[in-house]
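Input: a single structure, listed below in structure tokens.
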Amino acid sequence: MARHLLTLDSLGRDGIRHTLDLAVRIKSRRGMTRDALAGGRVGLIFDKPSLRTRVSFEAAAWGLGMLPMTLRSDEIQIGGRESIPDSARIVSRYLSALAIRTFEQAKVEELARYATIPIINALTDDHHPCQALADVMTLEEEFKSFDGLRLAYVGDGNNVCHSLIQAAGYLGFTLAISTPEGYEPDPAIVATAQANCRVNGGAIELGHDREAAVRGADAVYTDIWASMGQEKERAERAIAFAGYCVDGALMKLAAPRAIFLHCLPAHRGDEVTDEVMDGPHSRVWDEAENRWYTEQAVLYLLITGDETGERLE
Ligand code: CP
Ligand code: NVA
Numbered sequence: 009m010a011r012h013l014l015t016l017d018s019l020g021r022d023g024i025r026h027t028l029d030l031a032v033r034i035k036s037r038r039g040m041t042r043d044a045l046a047g048g049r050v051g052l053i054f055d056k057p058s059l060r061t062r063v064s065f066e067a068a069a070w071g072l073g074m075l076p077m078t079l080r081s082d083e084i085q086i087g088g089r090e091s092i093p094d095s096a097r098i099v100s101r102y103l104s105a106l107a108i109r110t111f112e113q114a115k116v117e118e119l120a121r122y123a124t125i126p127i128i129n130a131l132t133d134d135h136h137p138c139q140a141l142a143d144v145m146t147l148e149e150e151f152k153s154f155d156g157l158r159l160a161y162v163g164d165g166n167n168v169c170h171s172l173i174q175a176a177g178y179l180g181f182t183l184a185i186s187t188p189e190g191y192e193p194d195p196a197i198v199a200t201a202q203a204n205c206r207v208n209g210g211a212i213e214l215g216h217d218r219e220a221a222v223r224g225a226d227a228v229y230t231d232i233w234a235s236m237g238q239e240k241e242r243a244e245r246a247i248a249f250a251g252y253c254v255d256g257a258l259m260k261l262a263a264p265r266a267i268f269l270h271c272l273p274a275h276r277g278d279e280v281t282d283e284v285m286d287g288p289h290s291r292v293w294d295e296a297e298n299r300w301y302t303e304q305a306v307l308y309l310l311i312t313g314d315e316t317g318e319r320l321e
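Once you know that position 213 of the sequence shown is 221 in my numbering, the rest is easy, because the numbers rise by one and skip nothing.
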């Protein structure tokens, strides 16, 4: 079992499968597994804003009987008042796990190299593995299997897109990505996932035609056009992404039973219309709720290494 969750590569196919199986069990108990990690402590650091990740990790820690400790990044200054390796050594003496949202993926990876506790990537510029776990849990709840599943991703080839690409490679579904030119996902992440698809099934398809990506899809996914840290590019991106809104007409090209997913927060009227967000295909609130259960499963698996989940009973 992985020690850290830095990208979905840390978990691989088996680790993702164990996480999803445990999350389903935790959901059936409404997140209450109070004795599983009683006395444990999880630190939470947010160098960028958060609603879902912050609240779902606190709720997940509490559900396991752990103390969630949200640490003000301006106060503790990881890598500021002392080196990242020294910060990692220190937090390892107090905590059972540390989840961190920050800008550079390299910072999370450096923490993991020196920490003796699990380090969890709660979003970086390059990856959002915790989000993708809740996304695939929501897909599996709806469709029961990933075999033959087609997910269309419309928008920016960003952190959320990268984690979905990795998920598709390990779980063997088809991810059809449609971005404006110049906003494609990282080719190295795509190539690795395509190699995994050759073993596990599915495919990663890239293009610029949103209608081609969505036609016949079982699910349609989008994310904001300017991610946290890209606020200065907002006007320029609004022009580049103008044709990439998921609206009712686009959803009509998907399969009749298709669902709509979004990591949230949504910018209604930009990447998605109210009609789609609030319409019958939308599963965005279930998807957000599933963050709670997948985060709980991640904490449990990384801290205990127990894939059977026997301490959850
Ligand atoms: N989807 C997600 O990670 O939301 P927050 O930024 O609110 O945590
Ligand atoms: N791509 C978005 C995801 C937010 C959950 C961002 O990084 O801001």
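Backbone N, C-alpha and C fix where the C-beta goes; we use that ideal spot for every residue, glycine too.
Because the structure is a prediction, the values reported are computed rather than measured.
Exposure label - residue i; buried when at least 16 CB within 10 Å
i    : result
D155 : exposed
W293 : exposed
E279 : buried
L59  : exposed
V207 : exposed
D94  : exposed
R299 : buried
R89  : exposed
Q85  : exposed
Y229 : buried
A196 : exposed
E118 : buried
T124 : exposed
T61  : buried
S91  : exposed
T187 : buried
S104 : buried
E112 : exposed
Y102 : exposed
G256 : exposed
A246 : exposed
Which residues DSSP lists as bridging residue i, in chain order
i    : result
H270 : T230
Y102 : Answer is none; Y102 lacks a bridge partner.
R25  : R25 is not bridged to any residue.
R33  : According to DSSP, which records beta bridges pairwise, R33 is partnered with nothing at all.
I127 : L106
Y161 : I185, Y229
L13  : I128
V254 : V280
S290 : F268
Of the listed residues the options, nearest to residue i (C-alpha basis)
i    : options                : result
M236 : L261, L183, D164       : D164
L309 : H26, D194, E192        : H26
L272 : A46, P57, R49          : P57
W233 : I212, D226, R121, A248 : A248
G39  : A196, P76, Y301, D55   : Y301
E283 : R49, M259, E150, I311  : M259
H289 : I125, G224, P264       : P264
S18  : H270, P126, L157, S81  : P126
A266 : N204, G20, A296, R158  : R158
E213 : H170, D255, I92, V254  : H170
A68  : R49, D55, S81, D82     : R49
E189 : D134, G251, A201, R11  : G251
E149 : R291, A225, R319       : R291
A120 : L261, R11, D194, E83   : R11
V337 : E297, G87, E83         : Look at the range of the chain in this structure, 9 to 321, and you will see that residue 337 is not part of it.
T281 : L307, V254, L75        : V254
A262 : E318, G209, A184       : A184
Y122 : C138, E321, A96, Q113  : A96
D55  : V63, G47, E83, L45     : E83
A225 : K240, E295, P193, F151 : F151
S100 : L75, G51, G87          : G51
Cβ-Cβ separation, residue j to residue i (assumed contact under 8 Å), whole Å
i    : j    : result
V222 : A160 : 4 Å
N166 : D231 : 6 Å
H136 : V116 : At roughly 12 Å, the Cβ-Cβ gap does not stay under 8 Å, so H136 and V116 are not in contact.
T182 : A175 : The pair is not a contact, with the Cβ atoms about 12 Å apart (cut-off 8 Å).
I53  : L79  : 5 Å
A130 : F65  : 7 Å
T132 : T110 : 6 Å
L13  : I128 : 5 Å
G73  : R42  : 5 Å
Q238 : G71  : So it is not a contact: roughly 33 Å between Cβ atoms.
V144 : L28  : 7 Å
I34  : L320 : 7 Å
E244 : L269 : The Cβ separation is near 26 Å, so there is no contact.
Proximity test, residue i beta-carbon vs the ligand ZN heavy atom, cut-off 8 Å
i    : result
A296 : The ligand ZN is absent from the structure shown, which contains only the ligand CP and the ligand NVA.
### Query
Can you give, in chain order, each stretch of the beta strand (DSSP E) that sits fully within the segment 200-249 and has at least 3 residues?
211-215, 227-230
### Task
Quick one: which unbroken beta strand (DSSP E) runs of 3-plus residues sit fully inside the segment 46-89? Chain order, please.
49-54, 75-79
### Query
At which residue ranges does the segment 167-204 contain complete alpha helix (DSSP H) runs of 4 or more residues, listed in the order of the chain?
List check, alpha helix (DSSP H) in window: 167-179.
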